[in-house]
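Note that my numbering numbers the sequence shown so that position 95 is 131, with each residue one more than the last.
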Amino acid sequence: GESPPLPVLCGMLGGSPDSDEVRMLTGKAPIPVKDLVWIDAWEAAGEGHGDTWSSSNPFAAAELLPSKRTSYVLAPPPAAGGRGHVTKASVFANSLIPGSLPPSCHYGVVADIRY
37 GESPPLPVLC
47 GMLGGSPDSD
57 EVRMLTGKAP
67 IPVKDLVWID
77 AWEAAGEGHG
87 DTWSSSNPFA
97 AAELLPSKRT
107 SYVLAPPPAA
117 GGRGHVTKAS
127 VFANSLIPGS
137 LPPSCHYGVV
147 ADIRY
């Protein structure tokens, strides 16, 4: 039979990885819903800092804030057979064509998740 849908939570959460809201979603702080814990794709399979709010982005630079990771792909813990296993995570839209502007003040994050 077909596998049920694999829920994935994506978005600009605003908090850094050590913020209360992200720690709660990833099970590193007390969680309000029993057994509802997400895997941070960047933490599982990303390389480097993964900053999505970057002072190198001309739209973000005016804020004079430090670069940090604020956008996330969160997946459920892998199931039997590896379904849901995060195999890769990367930042995108952070390399620009000379003379162009980024599409947003935040860079994006994308993840490959085994289905």
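Here a beta-carbon is modelled for each residue, glycine too, at the ideal position from N, C-alpha and C.
All values reported here derive from a predicted model rather than from experimental measurement.
To which residues of the same chain is P102 closer than 8 Å at the C-beta, ignoring the five residues directly before and after it? As a first step, residue 102 must be located in the sequence shown, where it is residue number 66. Once the five neighbours on either side are set aside, the close Cβ partners of P102 are S91.
Taking the straight line between their C-alpha atoms, what separation do you get for L42 and L137? If you number the sequence shown from 1, residue 42 lands on position 6. If you number the sequence shown from 1, residue 137 lands on position 101. Cα-Cα distance, rounded: 34 Å.
Ordered along the chain, which non-local residues of its own chain (more than five positions away) have a Cβ less than 6 Å from that of G63? Along the sequence shown, read from residue 1 onward, the residue named residue 63 stands at position 27. Here the set comprises V73.
Does the segment 125-141 touch the segment 50-60, meaning 3 or more C-beta pairs lie closer than 8 Å? no
Skipping 5 residues on each side, what residues in its chain have a beta carbon closer than 6 Å to that of A80? By one-based count along the sequence shown, residue 80 stands at place 44. Once the five neighbours on either side are set aside, the close Cβ partners of A80 are V122.
According to DSSP, D76 sits in a beta bridge with which residue or residues? Mapped onto the sequence shown, residue 76 falls at position 40. Beta-bridge pairing links D76 to L110.
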